[in-house]
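Before any comments, here is the structure.
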Amino acid sequence: MTRPTCTIAMIGLGVMGSSLARNLARHGQRVALYDRSPDAAPSLAARHPEAGFVACDSIAAVVAAVARPRPIILLVPAGDPVDASLAALAPLLEADDVVVDAGNSFFRDTDRRAAATKSARWHFVGMGVSGGSEGALLGPSMMPGGDPAAWARLRPILESIAAVADSGPCVADCGRGSAGHFVKMVHNGIEYGDMQLIAEIAMLLREGIGLAPARCAETFELWGAAELESYLIEITAAIFRTADPEIRGSLLLDSVLDRAEQKGTGRWTIEAALELGVAIPTITAAVDARLLSAGRERRLAASALFSRSDTPSPKLVGVDVDDLRAALYAAKIASYSQGFELLARASAAYDYGTDLASVARIWKAGCIIRARFLDRVRTAFSDPVPQPGAAPLLALSPGFVGELRERLPGWRRTVAAATTAGLAIPGLAASLAWFDTLTTARGSASLIQAQRDYFGHHGYERVDAPGTPVHTDWSRANRIE
1 MTRPTCTIAM IGLGVMGSSL ARNLARHGQR VALYDRSPDA APSLAARHPE
51 AGFVACDSIA AVVAAVARPR PIILLVPAGD PVDASLAALA PLLEADDVVV
101 DAGNSFFRDT DRRAAATKSA RWHFVGMGVS GGSEGALLGP SMMPGGDPAA
151 WARLRPILES IAAVADSGPC VADCGRGSAG HFVKMVHNGI EYGDMQLIAE
201 IAMLLREGIG LAPARCAETF ELWGAAELES YLIEITAAIF RTADPEIRGS
251 LLLDSVLDRA EQKGTGRWTI EAALELGVAI PTITAAVDAR LLSAGRERRL
301 AASALFSRSD TPSPKLVGVD VDDLRAALYA AKIASYSQGF ELLARASAAY
351 DYGTDLASVA RIWKAGCIIR ARFLDRVRTA FSDPVPQPGA APLLALSPGF
401 VGELRERLPG WRRTVAAATT AGLAIPGLAA SLAWFDTLTT ARGSASLIQA
451 QRDYFGHHGY ERVDAPGTPV HTDWSRANRI E
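For what it's worth, the numbering used here labels the leading residue of the sequence shown as 1, then goes sequentially.
Okay, structure coming up:
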């Protein structure tokens, strides 16, 4: 019998799997490769002889190639391919082997798989990975969850290949069960919100204020050198400097069809928030905007029906670039407040034990939403809280209250002027509506409760006796003339 020579296995050699395998090899791991496409493993090994890959032609061969106890990483498409891979691996695994599902799996599927393998001698880990193919190659942010013993085994390997921020490697145990995939799902939901807010501000810079593309690029570069420093701001500036290779002197962005696609993690985030009773209107607005963008033909027809030829140019009246900067930063605070509240609620409901400060730390580098802003988020969750186990709402934490107060006037001016001009800003508007609802001592819900009691006898609570249900026969009650 041939002695195993590899230290880890990679199953699934798409763009992410191939890049992560090369990252592992560069950091001293001997990687056994397998993919259901028979040419993928030998092709990758041939293209990168320096990596010392061992190409395998079957699941059994890749398991046999790794020394026990085996770490095995799956980077196959979410859903049935993960289940098929686990079913093929299960009879071949031995005590203390660890199988890591590093794909974008739905956290409920991770729960199901963890339950199915609970009595096995080997460990199953669900791990989110962010950073795209470049991050996988050069250092991603990784979010493992599950058995603490498995994390202890994986930690040296994962820390060696992770992105490194000023606070250390961007990988940490995110908690028990499906915590890793839940955290990655919320990361992607926040990513949806970030992208939507930046896209709306970019549109307002061009169509609302009338800045040329080069000025837009300069503006994002300036913002990226201060509190809005982030990967998404950085690439937005670069996009505004990219020429169209097909049309001389034109901006490539202007040739990109305005129909945004999505892979489902935003929808999963919304569904989870509904189940847990957490309002995430910024992320919801971002997903809705992508859905609306898909109906381009209908939008073209509607635009012709409701053309706004009387709109002045520039279209934003009484708003300047500083107002847009304030609006973007304030809406970002709102969006992250919603996302981290969802993480806190899930941690309590599902017994994850997620450390929110740690999540903010590992998102500081490697991942798509990496930003200077996350240092502030980490600080907010590192400070002691009044009640044990109660996570603060970011927007109400001491570090952000003053910043929101300062930026609120510009945020309001931006939303009001854009709405008056008929410029679609669903993310900015939803974020402001969330903030206004949050900061309104007595809102509109009293009438809703009265209506529910009127037609459905659902009951309500009185202001002077909260906690005590009351019902009124509204049709026969005394009237005030």
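Ideal Cβ placement from N, Cα and C applies to all residues, glycine included.
According to the neighbour-count rule (16 or more other Cβ atoms, all chains shown, within 10 Å of its Cβ), is residue i buried or exposed?
| i | result |
| --- | --- |
| Gly-12 | buried |
| Lys-118 | exposed |
| Trp-474 | exposed |
| Ile-233 | buried |
| Ala-294 | exposed |
| Leu-478 | In the sequence on display, residue 478 carries Asn and not Leu. By the 10 Å Cβ count, Asn-478 comes out exposed. |
| Glu-461 | exposed |
| Lys-263 | exposed |
| Pro-71 | buried |
| Glu-200 | buried |
| Pro-388 | A caution first: Pro-388 carries a pLDDT of 42, below 50, which makes its placement in the model too unreliable to give a value. |
| Ser-303 | exposed |
| Arg-47 | exposed |
| Ala-380 | buried |
| Gly-135 | buried |
| Ala-150 | buried |
| Ser-446 | exposed |
| Ser-431 | buried |
| Gln-338 | buried |
| Pro-245 | exposed |
| Gly-177 | buried |
What does a CB cutoff of less than 7 angstroms around residue i pick up in its chain, not counting 5 residues either side in sequence?
| i | result |
| --- | --- |
| Ala-237 | Ala-217, Phe-220, Glu-221 and Gly-224 |
| His-187 | Gly-128, Ser-130, Trp-363, Cys-367 and Ile-369 |
| Ala-515 | Nothing about residue 515 can be read from this structure; the chain reaches only from 1 to 481. |
| Tyr-336 | Ile-190, Val-377 and Leu-394 |
| Phe-124 | Val-99, Arg-113, Ala-114, Thr-117 and Gly-146 |
| Ala-330 | Leu-404, Arg-407, Leu-408 and Trp-411 |
| Ala-417 | Leu-316, Val-317, Gly-318 and Val-319 |
| Tyr-482 | With the chain represented from 1 up to 481, any question about residue 482 goes unanswered, as that position is not in the structure. |
So, at 6 angstroms on beta carbons, what are the nonlocal neighbours of residue i in its own chain, with the 5 sequence-adjacent residues on each side left out?
| i | result |
| --- | --- |
| Gly-467 | none |
| Phe-53 | Val-31, Leu-33 and Ala-45 |
| Tyr-231 | Arg-370 |
| Arg-476 | none |
| Arg-452 | His-458 |
| Ser-347 | Thr-354 |
Could you say which of the options lies nearest to residue i if we only look at CA atoms?
| i | options | result |
| --- | --- | --- |
| Ala-25 | Ala-41, Arg-121 and Ala-51 | Ala-51 |
| Met-203 | Lys-315, Tyr-34, Ala-116 and Phe-53 | Lys-315 |
| Leu-228 | Lys-332, Arg-476 and Gly-399 | Lys-332 |
| Phe-182 | Tyr-350, Ser-446, Asp-258 and Leu-158 | Tyr-350 |
| Ile-8 | Pro-469, Met-16 and Gly-28 | Gly-28 |
| Phe-240 | Asp-258, Pro-148, Ala-226 and Arg-206 | Arg-206 |
| Pro-69 | Gly-17, Ala-60, Phe-106 and Trp-122 | Trp-122 |
| Leu-137 | Asp-244, Met-16, Leu-158 and Met-10 | Met-16 |
| Asp-320 | Ala-450, Val-415 and Pro-144 | Val-415 |
| Ala-95 | Pro-81, Thr-110, Ala-120 and Val-82 | Ala-120 |
| Phe-306 | Phe-455, Ser-178, Ala-90 and Ala-421 | Ala-421 |
| Ser-14 | Gly-443, Asp-111 and Gly-132 | Just to set this straight, residue 14 is Gly in the shown sequence, not Ser. Considering only alpha carbons, the answer is Gly-132. |
| Ser-37 | Arg-22, Ser-58 and Leu-291 | Ser-58 |
| Asp-83 | Asp-97, Gly-126, Val-62 and Glu-261 | Gly-126 |
| Met-142 | Val-401, Ala-445, Ala-360 and Phe-373 | Ala-360 |
| Val-63 | Asn-23, Ala-226, Leu-86 and Pro-49 | Leu-86 |
| Ala-214 | Glu-261, Leu-251 and Gly-208 | Leu-251 |
| Leu-396 | Ile-448, Asp-436 and Ala-424 | Asp-436 |
| Thr-110 | Leu-438, Ala-78 and Pro-140 | Ala-78 |
| Phe-400 | Leu-374, Ala-424 and Ile-425 | Leu-374 |
| Leu-428 | Gly-210, Ala-334 and Ala-301 | Ala-334 |
| Ala-212 | Pro-42, Asp-464 and Gly-249 | Gly-249 |
| Ser-382 | Ala-357, Thr-472, Arg-108 and Leu-291 | Ala-357 |
| Ala-179 | Leu-438, Tyr-352, Asp-254 and Asn-23 | Tyr-352 |
Under 8 angstroms Cβ to Cβ from residue i, same chain only, skipping five residues before and after it: list those, please.
| i | result |
| --- | --- |
| Ile-270 | Gly-189, Ile-280, Ile-283, Thr-284 and Val-287 |
| Thr-487 | Any question about residue 487 goes unanswered here, given that the chain covers just 1 to 481. |
| Arg-296 | Leu-257, Asp-258 and Arg-259 |
| Pro-156 | none |
Residue i and residue j look like a contact to me (Cβ under 8 angstroms); what is the Cβ gap, rounded to whole Å?
| i | j | result |
| --- | --- | --- |
| Ala-272 | Met-185 | 7 angstroms |
| Leu-93 | Ala-60 | That belief does not hold up - the Cβ atoms of Leu-93 and Ala-60 are roughly 11 angstroms apart, past 8 angstroms. |
| Pro-148 | Leu-158 | Wrong, their Cβ atoms sit about 14 angstroms apart, outside the cutoff. |
| Pro-140 | Ala-172 | Pro-140 to Ala-172, Cβ: 13 angstroms. No contact. |
| Trp-268 | Phe-106 | 6 angstroms |
Could you tell me whether the stretch 190 to 205 touches the stretch 283 to 291, using the rule of 3 or more Cβ pairs below 8 angstroms?
yes
Can at least three beta-carbon pairs, one atom from the stretch 393 to 413 and one from the stretch 317 to 335, be found at a separation below 8 angstroms?
yes
Stretch pair the stretch 159 to 172 + the stretch 337 to 346: three plus CB contacts closer than 8 angstroms:
no
Are at least three pairs of beta-carbons, each pair with one atom in the stretch 349 to 364 and one in the stretch 451 to 461, less than 8 angstroms apart?
no
Specify whether the stretch 97 to 104 and the stretch 72 to 82 touch according to this definition: at least 3 beta carbon pairs, one from each stretch, less than 8 angstroms apart.
yes
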